[in-house]
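Scroll down for the structure; my scribbles are underneath it.
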Amino acid sequence: MTLATRAPADAPAPAPAPAAASAAAPHASAGVAAAVRATRRRRRADATATTVAAVWLAVLAVLTLVSIATPLLDPYFQDFTAAKLGPSLAHPFGTDGNGRDVFARTVAGAQNSLVVAVITLAVGAVGGTLIGVAAGYFRGALDNVIGFLIDVVLAVPALILIITIVSFRGPSIVSIGSTIGLLMVPAFARVTRSIALTVRERDYVKAALLIDTPTPRILVRSVLPAVAPALVSYAFTAMTAAIVAEGSLSFLGYGLAAPAPSWGGIIAEGRSDLATAPWITLAPAFALAATVMAITTIGERVKERYS
Amino acid sequence: MHSTLKLAGIGALTAGLAITLAACSTAEPGDGASRSASAAESAVAQPVDGGTIVYGLDRDITSLDPASGAISSQTVQSVANSIFDALMQYDENGDLVPFLAESFEATDDTSSEWLLTLRDGVTFSDGSPLDATAVISHITREGAEETSASRATVATIAAMEPVSDTQVRFTLVAPNASFPQYFTRDLGQIASTTAQDEFGFPLGSGPYVTTAYSAGTGITMTKRADYWGEAAHADTVEFKVLPDADSRYQSLVSGAVDAIWSEVPSQFTGAEGDGLVSATGHSATSFGLFNSHAAPFDDVEARKAVELAIDPQALLAVANDGTGAVSTSVLQSTSGYDITDPQPAYDPAAAKAIVDKIGGFEFSYLTDGRGEAKARAEAMQQMLAEVGITMTIQSSDMATWGAALYSGDYQMLDFTTSLFGNIDTNLSMLVGTGGLANFMGYSNADVDAQLAELAGETDHDARGVLLNSIAAQVWDEAPLVMYTENLAGVIYNPETLQGVEDFTNRPQVSIQTRLMWHAA
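Keeping their order, the protein sequence lines are chains A and B. When we follow the numbering used here, the leftmost residue of the first sequence carries the number 173, and every step to the right adds one. When we follow the numbering used here, the leftmost residue of the second sequence carries the number 679, and every step to the right adds one.
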């Protein structure tokens, strides 16, 4: 039945009349050529964007390592006689109101933002996968309860919830990262649950059940590999969301305790000087936007590769 | 989905750049210079009656009753002065002069008895007379209401009696040569105790009456036709509640408001570039309070080490953008007294020697979350680290900071106040045993004795000697450390608003809306 209905669709189109064919052929070949060129252009643009994104993240990583390993970029040293100096060779991105090098603080801010993003991913992906796979594979009452809890968490404004929790726990990289991560758990759980639901109906999983394969083994060998591609794809989106969330938190004054630098915090510090010393805000704002774009671009390529 | 994410990223990048470029474009020095020149030209223009002045407040006002304490602070005196007239005020030289009062003078040599004489023909906005009985009723209520900011002051009055319809005799519990200075704010802003407006707030004798009030949003006031003094210029004044300092300033730049209250240094330094003008005074002082009842600051040596390690000049540079002045004493630069006994000067070597003797220590520094306080704390952290003291910064919101201040739940706390502006009356509140603003719990019998002597001293020079002597004793025990005298005041657009007073030499910035006029 399936084959019968698909066959005509798959069959080559009937040959056109000779006169019409001679007229339409140049147009058809030109259209195909244009489509091919467009596809090539898009692929070249994608490749360029991916390369630029990768280079940006690599540069950021190298600068972060330099910041950690050497005293060349000290984000804390204040020169009280050099407050709000414009960009120069000594201070490529100028200095802030306390006479600190904005470039050094932006690089150190990257370190904090990325560490928060990694913690967020670890907490969100592990927690979300466990819960999502459990709900999707076992279904029944467990699925209903988890689904209800996920809906409850998603119904509460995330940023307000994060601010409340961080206020009680105190601002630190671990508390901020794990709190944002906890609120990422429902999103990861939804992604993994939907895949686990379909995987459990596959023949190879049913066959494994018939030969009494232990459930943990089925989950690890059959379900998790099926979940992984979607998990990795979503991880990039989650990472950008975590970076923006940490930036928002710091901008609102609930981020890392002073004087620890973070992108959102530096942007907030420079906000009142936007008219007189815009460079204080420029560097971290650019770094934040560029990093989010870079991760998103690479995430898209990864998603395409898996799909 | 891909496109959406990409667009979001591009949007974020573009927005970041656009904000910065916009900021760059507003900082054109040439533009600022030309607009300042036009402001100077229009400053000599003749007053224009009519129109509406829109003024941005830095906080919500929950009550318009002077006894509520909600309009007694310097930042909202623009509201209080619109409804109420103060008995006394400071002129442009910083001298205390009568306003609603005709005179306020001591009738004995010890300054224990005072005679207040009111102007004739003053009425509240319902037409009822503002007479001696009304003054006594107002002051009695200020002493009775729990929310009043002047309860302690009223307690120093032993008796009040009406001598005539326009005269009141005050007999004090103890001599007080600076008694009239208490009557520039809520205690002197006479409110009716018998009549209220439609919003439930007492009537005043001021140039405006409240016609609309919405907590959290704003207040609208309309000019009184039967005002006893020179009538106000603008027909209407609209006060808008704009708590966020940056939004408030941008509202002024965009023309949504004509003037704003500000205590943000970068706004004063950037105002000229935006074609705006500031009218400010050194009326907000920043200082640090030690909790002398808990480690490590129960040791006077620890307090002195911190005091000597902090460079107020550097704090002025980073927290105040170089505006204002370094605070060297409890006496402000505008106090009219010579400072002969300043706080010990910045001396990191001496601080290090103390730390070497008592050992390095750690403490937490509590700030109220304002940008200036944060910048100050971060600078102090580095200064203290250089002498071996570890300071962690605890940045909180205003409510948490206030709770800690009153409960004493802090080790060291960042405090900015206008109390130092009236040092004659407020020094006893700050360092006297049990003083209303003595949040350090400081107590010294010699200081208390000299404060009592100061209260009865009428000679200006002798008062200066006593004030410096008290300051010297305070420095010996270091319950506090002075930082800076900050600018505070109003920023306005001179193309739309004129008539803002000069506050340079006044101990407090008390905005008078009745003198302002709408130029556009």
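Using N, Cα and C, we set each Cβ at its ideal position, and we do this for glycine too.
Check: Bounding residues of the alpha helix (DSSP H) (the contiguous stretch that carries Phe423(A)); Outcome: Leu396 to Phe423
Check: Rounded straight-line distance, which links the Cα of Gly1112(B) to that of Ala890(B); Outcome: 40 Å
Check: Opening and closing residue of the beta strand (DSSP E) in which Pro1157(B) lies; Outcome: Neither: Pro1157(B) is in no beta strand (DSSP E) and is coded neither H nor E.
Check: Nearest neighbour of Phe877(B), chosen from Asp743(B), Ala1081(B), Thr1045(B) and Asp736(B) [CA to CA]; Outcome: Asp743(B)
Check: Alpha carbon of Ala205(A) to alpha carbon of Thr463(A), nearest angstrom; Outcome: 36 Å
Check: Cβ-based contacts, 7 Å cut-off: residues of the stretch 1046 to 1066 of chain B near chain A; Outcome: Gly1047, Gly1049, Lys1052, Ala1053, Ala1055, Glu1056, Ala1057, Gln1059 and Gln1060
Check: Own chain partners of Tyr860(B) with C-beta closer than 8 Å, once the 5 adjacent residues on each side are dropped; Outcome: Ser828, Thr831, Gly866 and Thr1103
Check: Simplified DSSP assignment, three categories, for Ser1013(B); Outcome: coil
Check: Run of the beta strand (DSSP E) containing Trp792(B), from where it starts to where it stops; Outcome: Glu791 to Leu796
Check: Residues in the stretch 982 to 1007 of chain B having any Cβ partner in chain A nearer than 7 Å; Outcome: Ala992, Ala995 and Val996
Check: Continuous alpha helix (DSSP H) assignments of at least 4 residues falling wholly in the stretch 321 to 345 of chain A; Outcome: 330 to 341
Check: CB contact check: Ser444(A) to chain B, cutoff 7 Å; Outcome: yes
Check: Leu850(B) versus Ala784(B) - alpha carbon distance; Outcome: 11 Å
Check: 8 Å Cβ shell around Gln797(B) - same chain, five flanking residues per side excluded; Outcome: It should be noted that the sequence gives Arg, not Gln, for residue 797(B). Excluding residues within five positions, the ones whose Cβ falls inside 8 Å are Leu778, Ala779, Glu780, Thr844 and Trp906.
Check: 8 Å contact criterion, which Pro853(B) and Ala1055(B) should meet: CB distance rounded; Outcome: Not quite, the Cβ-Cβ distance comes to about 41 Å (not below 8 Å), so this is no contact.
Check: Buried/exposed call for Pro243(A), threshold 16 Cβ in 10 Å; Outcome: exposed
Check: Contact list for the stretch 952 to 973 of chain B against chain A, Cβ threshold 8 Å; Outcome: Asp952
Check: Nearest candidate by alpha-carbon position, reference Pro1199(B), set Thr834(B), Ser870(B) and Thr753(B); Outcome: The question about residue 1199(B) has no answer here: the residues shown for chain B are numbered 679 through 1198.
Check: Residues within the stretch 224 to 247 of chain A neighbouring chain B, beta-carbon criterion of under 7 Å; Outcome: none
Check: Three or more C-beta pairs below 8 Å linking the stretch 440 to 448 of chain A and the stretch 365 to 375 of chain A; Outcome: no
Check: Same chain, Cβ closer than 7 Å to Arg216(A), five either side skipped, listed in chain order; Outcome: none
Check: Simplified DSSP state of Thr1078(B), which is helix, strand or coil; Outcome: helix
Check: Residue(s) in a DSSP beta bridge with Arg847(B); Outcome: Leu793(B) and Glu839(B)
Check: Exposure label - Leu232(A); buried when at least 16 CB within 10 Å; Outcome: buried
Check: Inter-residue CB distance, Tyr1043(B) and Ile1071(B) (contact presumed, cutoff 8 Å); Outcome: 6 Å
Check: For Leu1165(B), the nearest candidate out of Pro1172(B), Ala957(B), Leu1193(B) and Glu1064(B) (CA to CA); Outcome: Ala957(B)
Check: Closer than 7 Å to chain B by CB, Ser270(A); Outcome: What sits at residue 270(A) in the sequence shown is Asn, not Ser. Closer than 7 Å to some Cβ of chain B, the Cβ of Asn270(A) qualifies, so yes.
Check: Against chain A: residues of the stretch 1066 to 1094 of chain B by CB proximity under 9 Å; Outcome: Thr1070, Ile1071, Gln1072, Ser1073 and Asp1075
Check: Contact with chain B by Ala455(A), beta-carbon distance below 7 Å; Outcome: no
Check: Interface partners of Val942(B) on chain A, CB under 7 Å; Outcome: Ser444
Check: C-alpha gap between Gly436(A) and Arg214(A), whole angstroms; Outcome: 34 Å
Check: Proximity test, Cβ basis, 7 Å: Asp924(B) and chain A; Outcome: yes
Check: Length at least 3, wholly inside the stretch 256 to 319 of chain A: the beta strand (DSSP E) runs in chain order; Outcome: none
Check: Three-way DSSP call (helix, strand, coil) for Ser720(B) in this model; Outcome: Model confidence at Ser720(B) stands at a pLDDT of 45, short of 50, so the residue's coordinates are unreliable and nothing is read from them.
Check: Per-residue burial, Arg362(A) [other beta carbons within 10 Å of its own, 16 or more giving buried]; Outcome: buried
Check: Any chain A beta carbon closer than 7 Å to Gly907(B); Outcome: no
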